[in-house]
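Participant:
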Amino acid sequence: MPKHYRPPGKKKEGNAAKYITRTKAVNYLQISLATFRKLCILKGVFPRQPKKKVEGNHKTYYHMKDIAFLLHDPLIEKFREIKVHRKKVKKAIAKKNKDLADRLLNRPPTYKLDRLILERYPTFVDALRDLDDCLTMVHLFAALPAVDGERVEVKRIHNCRRLSHEWQAYISRTHSLRKTFISVKGIYYQAEVQGQKITWLTPHALQQVLTDDVDFNVMLTFLEFYETLLGFVNFKLYHSINVNYPPILDSRLEALAAELYALCRYMSAGSGGVTRNSESNRLIEDKKDENNKASSKTDESELRLAQLQHQLPTNEPGALMHLVEESSAADADDDDTKECKSLFKNLKFYLSREVPRESLLFIIPAFGGTVSWEGEGAPFNEVDEDITHQIVDRPTQSHVFLSREYVQPQWVYDCVNARVILPTEGYLVGRVPPPHLSPFVDNDAEGYIPEYAETISRLQAAARNQVLPLPGIGDEDLDNSLVEAMIDRTGSNENAEKKRKLEMLEKQYHDELKMEYEGITFSNLSNSRAENPPDAVEKDDTRSDHEEDANKQAEKDAADITKSLMSRKQRGLLEAIEIHKERKREKVEQLKKRKKNADSSAAKRR
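My numbering applies: residue 10 is where the sequence shown begins, and numbers increase by one.
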């Protein structure tokens with residue numbers, strides 16, 4: 010018998026060797042189904058769809074390489090230790106050994122997910138690309154009620170709230186927010202961080218109810234990984250702008266539930282501490298290493314410089330260093346950041362108690378505005394005379410200041426999406442505001458442009474002075490181009506007229522040949538024409554209709570010929586594209602019909 014002989018039927022090949030079912034994977038790893046599900050979530054292993062499902066379509070398949078990858082992970086051993094620890098605690102409680110149970114509960118086995126972050130995201134850009142679901146999940150749990158005895162621990166909710174505020178403070182500080190939209194689900198945000206567009210959803214500030222139809226074990230497993238990921242991302246981002254992490258907040262503002270404002274103050278005051286400390290330590294170490302290489306005078310000057318920088322306070326940078334940082338930061342900003350930074354510049358906002366405070370505290374500073382609110386810990390009061398806009402959402406006000414404008418919260422979001430300061434007449438208190446358009450929809454691609462979108466486009470063009478000739482074309486060039494366009498148009502009209510006359514002569518020639526073939530003489534033809542004179546207008550109309558029908562028929566024939574030469578796959582793809590275009594056309598017609606009905610009903614009310 011050969012050395013590598015295998016009996017027939019024993020060796021697996023193809024999909025049977027590449028894929029394994031979930032039940033066999035659980036038995037292969039010798040863990041429970043719940044542990045296997047948690048391990049797959051943390052490691053980023055997901056089910057696969059093989060072309061040929063060997064053991065049936067009703068089973069879940071995993072790649073065999075993924076299961077072998079999980080087999081040697083240290084987390085499996087940690088999960089087994091946790092399982093054994095729970096059994097020991099249960100046994101001690103059953104034996105009424107309270108001291109042993111307390112000792113075991115105070116020393117539970119723990120594990121960290123730091124290694125998994127580096128394993129799944131080798132570069133920082135990879136982590137930013139996968140941050141959409143992470144931010145949405147963290148903001149969702151940050152809005153849950155922090156009540157003891159619920160299925161979610163209070164410390165997890167507080168940690169999610171802290172991480173979400175740290176992220177928002179960075180976005181607001183660096184002016185990285187680009188779009189926002191209020192929907193039924195919540196408030197959508199889109200920011201651009203290091204060239205990556207990150208979109209997340211935050212729920213509305215309402216009382217959340219934990220339902221029974223949601224598997225919180227799976228969600229908490231995702232949250233466990235996302236908390237670690239967002240912590241590393243915040244650490245990297247804070248150090249990129251020379252701010253210490255984790256931040257130390259003002260206890261008074263934190264007690265007043267103004268964490269976001271406290272973070273913004275911390276980032277404004279503590280910028281540059283990391284760079285100075287690290288630079289001083291590096292210079293001191295370099296001084297010790299280069300004693301034998303550099304000259305004595307150079308070493309002495311570097312040492313003095315390092316000592317001076319080391320003596321600077323960590324919370325108040327020097328004037329020279331502050332100016333250098335500000336100038337370098339201003340030069341590094343791109344056009345979008347500069348535009349966002351100056352949108353609400355020199356504007357001062359005051360928030361009433363009924364508006365969404367956290368969302369507006371996040372958006373307004375991100376676009377260069379100054380904001381305060383009604384309550385303790387606010388930077389300025391309602392009676393401040395420098396306030397330009399007060400955000401309210403109730404029809405009546407106890408006291409009205411004539412030096413400011415009272416607008417609804419939607420005005421702020423629409424200004425952010427349009428990147429211009431919109432007129433406040435449509436957003437005044439008590440009026441129905443204009444439609445809130447989504448910035449995530451491309452109206453040109455959809456084929457329907459709302460009326461208010463056209464109004465915003467005109468305001469944008471007027472604000473940015475875009476009603477100008479094309480770049481590189483002066484007044485003389487513009488006149489010459491207009492003259493050339495008129496000459497080309499005249500020539501095309503003459504060519505079309507010549508073509509029409511040639512077609513008429515050709516048709517007359519064919520008619521005369523037909524009559525000659527039928528034996529009709531010229532006298533009979535002239536008599537019939539005298540009795541029934543032709544109508545020139547009707548001929549022109551019928552000629553144009555025939556031309557349109559002929560063009561449509563030619564296009565249809567060309568499309569049929571092209572379709573007949575396609576393969577079945579290409580033909581199906583073409584039909585799917587045509588169906589999509591037809592549905593889009595029907596949707597546009599429906600929107601136009603609704604707009605027409607709304608305008609007619611509004612006219613009747615007047």
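No residue lacks a Cβ here, since even glycine has one placed at the ideal position from N, Cα and C.
Check each candidate in Q205, V425, K47 and name the one with the smallest Cα separation from L232.
Facilitator: Working through the sequence shown from its first residue, we reach residue 232 at position 223. Of the candidates Q205, V425, K47, the one whose C-alpha sits nearest the C-alpha of L232 is K47.
Participant: Between D344 and K188, what straight-line distance do the alpha-carbon atoms span, to the nearest angstrom?
Facilitator: Against the sequence shown, residue 344 aligns to sequence position 335. Against the sequence shown, residue 188 aligns to sequence position 179. Each residue's alpha carbon lies about 15 angstroms from the other.
Participant: Using DSSP's beta-bridge definition, name the partner residues of S381.
Facilitator: What you label residue 381 is simply residue 372 of the sequence shown in a count that begins at 1. Its beta-bridge partners are Y359.
Participant: Looking at C-alpha atoms only, which residue of V63, F55, I180, Y37 is the closest neighbour of A25?
Facilitator: Here residue 25 corresponds to residue number 16 of the sequence shown, with the count starting at 1. A25 has its Cα closest to that of V63, out of V63, F55, I180, Y37.
Participant: Would the region 452–461 count as touching the region 586–599 if we require 3 or more Cβ pairs under 8 angstroms?
Facilitator: These segments touch.
Participant: When burial is assigned at 16 or more other CB atoms within 10 Å of the CB, is K357 buried or exposed?
Facilitator: One-based indexing of the sequence shown puts residue 357 at position 348. Counting Cβ neighbours within 10 Å, K357 comes out buried, since at least 16 surround it.
Participant: Using alpha carbons as the reference points, say which of Y179, N226, K206, S249 lies closest to Y275.
Facilitator: Here the question's residue 275 lines up with position 266 in the sequence shown. Closest option to Y275, Cα to Cα, is Y179.
Participant: Do the CB positions of E385 and E391 come within less than 8 angstroms of each other?
Facilitator: Mapped onto the sequence shown, residue 385 falls at position 376. Mapped onto the sequence shown, residue 391 falls at position 382. The answer is no: Cβ separation not under 8 angstroms.
Participant: Using the beta-carbon count (16 or more within 10 Å), is E363 buried or exposed?
Facilitator: As a working mapping, residue 363 is identified with position 354 in the sequence shown. It is exposed - the Cβ of E363 has fewer than 16 other Cβ atoms within 10 Å.
Participant: Would you mind reading off the limits of the alpha helix (DSSP H) that contains A454?
Facilitator: If you number the sequence shown from 1, residue 454 lands on position 445. Start and end: 452–455.
Participant: Suppose you measure from the CA of N412 to the CA of V161; what does that come to, to the nearest Å?
Facilitator: Taking the sequence shown and counting its residues from 1, the one referred to as residue 412 is at position 403. Taking the sequence shown and counting its residues from 1, the one referred to as residue 161 is at position 152. Correcting the residue identity first, residue 412 is Ser in this sequence and not Asn. Answer to the nearest angstrom: the Cα atoms are 48 angstroms apart.
Participant: Taking the CB atoms as reference points, tell me whether F353 and G378 lie closer together than 8 angstroms.
Facilitator: Residue 353 sits at position 344 when you count from the first residue of the sequence shown. Residue 378 sits at position 369 when you count from the first residue of the sequence shown. Against a cut-off of 8 angstroms, the Cβ pair of G378 and F353 comes out as a contact.
Participant: Determine the burial state of E587: buried for a count of at least 16 other Cβ atoms within 10 Å of its Cβ, exposed for fewer.
Facilitator: Position 578 of the sequence shown, counted from the first residue, corresponds to residue 587. Burial call: exposed.
Participant: I need the straight-line Cα distance from R403 to P432, nearest angstrom please.
Facilitator: In the sequence shown, residue 403 corresponds to position 394, counting from 1. In the sequence shown, residue 432 corresponds to position 423, counting from 1. Whole-angstrom Cα-Cα distance: 20 angstroms.
Participant: Could you spell out the range, first to last residue, of the beta strand (DSSP E) harbouring V202?
Facilitator: Along the sequence shown, read from residue 1 onward, the residue named residue 202 stands at position 193. Where V202 is concerned, the enclosing beta strand (DSSP E) stretches over 196–202.
Participant: Apply the 10 Å Cβ neighbour rule to P154 and answer buried if 16 or more other Cβ atoms are within range, or exposed otherwise.
Facilitator: Reading the sequence shown from its first residue, position 145 is the one you call residue 154. That one is exposed.
Participant: Would you call the CB atoms of A200 and L219 closer than 8 angstroms?
Facilitator: Here residue 200 is taken as the residue at index 191 of the sequence shown, counted from 1. Here residue 219 is taken as the residue at index 210 of the sequence shown, counted from 1. Taking 8 angstroms as the Cβ cut-off, A200 and L219 do not qualify as a contacting pair.
Participant: State the start and end residues of the unbroken beta strand (DSSP E) segment that holds R187.
Facilitator: Within the sequence shown, numbered from 1, the residue matching residue 187 stands at position 178. Where R187 is concerned, the enclosing beta strand (DSSP E) stretches over 186–191.
Participant: Mind checking L360: buried by the 16 CB within 10 Å criterion, or exposed?
Facilitator: Within the sequence shown, residue 360 is the residue found at index 351, counting from 1. L360 should be labelled buried.
Participant: Quick one, which of R95, K33, Y518 has its alpha-carbon nearest H72's?
Facilitator: Working through the sequence shown from its first residue, we reach residue 72 at position 63. Looking at the Cα atoms, K33 is the closest of the given residues.
Participant: Using the DSSP secondary-structure output, state which residues sit across from W209 in a beta bridge.
Facilitator: Mapped onto the sequence shown, residue 209 falls at position 200. DSSP, once it has assigned bridges, lists Y198 as partnering W209.
Participant: Could you tell me the alpha carbon to alpha carbon distance between A559 and K565, rounded to whole angstroms?
Facilitator: Within the sequence shown, the letter at position 550 stands for residue 559. Within the sequence shown, the letter at position 556 stands for residue 565. Rounded to whole angstroms, A559 to K565 spans 10 angstroms at the Cα level.
Participant: With respect to the alpha helix (DSSP H) encompassing T433, which residues constitute its N-terminal and C-terminal limits?
Facilitator: Along the sequence shown, read from residue 1 onward, the residue named residue 433 stands at position 424. Where T433 is concerned, there is no enclosing alpha helix (DSSP H), given that its DSSP letter is neither H nor E.
Participant: If we count the other Cβ atoms within 10 Å of its Cβ and call it buried at 16 or more, is D451 buried or exposed?
Facilitator: Looking up residue 451 in the sequence shown gives position 442. Exposed, by the Cβ-count rule.
Participant: Would you say the region 95–112 touches the region 74–81, given that touching needs at least three Cβ pairs under 8 angstroms?
Facilitator: Verdict: no, contact absent.
Participant: Less than 8 angstroms between the C-beta atoms of T211 and I196, yes or no?
Facilitator: Numbered from 1 along the sequence shown, position 202 holds the residue referred to as residue 211. Numbered from 1 along the sequence shown, position 187 holds the residue referred to as residue 196. Yes; because the gap between Cβ atoms is below 8 angstroms, this pair is in contact.
Participant: For Q177, name the three-state secondary structure that DSSP assigns.
Facilitator: Mapped onto the sequence shown, residue 177 falls at position 168. Residue state, collapsed to three classes: helix.
Participant: What does DSSP give as the partner residue(s) for H398 in the beta ladder?
Facilitator: The count along the sequence shown starts at 1 and reaches residue 398 at position 389. Per DSSP, F358, E414.
Participant: Would you kindly report the start and end of the unbroken alpha helix (DSSP H) that includes T405?
Facilitator: Here residue 405 refers to the residue found at position 396 of the sequence shown. Careful: T405 lies outside any alpha helix (DSSP H) and carries neither H nor E.
Participant: By a C-beta neighbour count over all protein chains shown, 10 Å radius and 16 as the cutoff for buried, is Q399 buried or exposed?
Facilitator: For the purposes of this step, residue 399 is taken as the residue at position 390 of the sequence shown. That one is buried.
Participant: Using only the alpha-carbon positions, how far apart do L369 and W420 sit?
Facilitator: Start at 1 with the first residue of the sequence shown, and residue 369 comes out as number 360. Start at 1 with the first residue of the sequence shown, and residue 420 comes out as number 411. About 11 angstroms.
Participant: Output the distance between the C-alpha atoms of T230 and L246, rounded to the nearest integer angstrom.
Facilitator: Numbered from its first residue, the sequence shown carries residue 230 at position 221. Numbered from its first residue, the sequence shown carries residue 246 at position 237. Rounded to whole angstroms, T230 to L246 spans 25 angstroms at the Cα level.
Participant: Do V147 and Y235 have their C-beta atoms closer together than 8 angstroms?
Facilitator: Working through the sequence shown from its first residue, we reach residue 147 at position 138. Working through the sequence shown from its first residue, we reach residue 235 at position 226. Yes, they are a contact pair.
Participant: Which partner residues does I29 have in the DSSP bridge list?
Facilitator: Position 20 of the sequence shown, counting from 1, holds the residue named residue 29. Partner(s): Y71.
Participant: Check R440 in the structure and name its three-state DSSP category.
Facilitator: Position 431 of the sequence shown, counted from the first residue, corresponds to residue 440. The answer is coil: DSSP assigns R440 none of H, G, I, E or B.
Participant: Since I126 and L238 are thought to touch, with beta carbons under 8 angstroms apart, how far apart are those beta carbons, to the nearest angstrom?
Facilitator: As a working mapping, residue 126 is identified with position 117 in the sequence shown. As a working mapping, residue 238 is identified with position 229 in the sequence shown. The Cβ separation is near 6 angstroms, so the contact holds.
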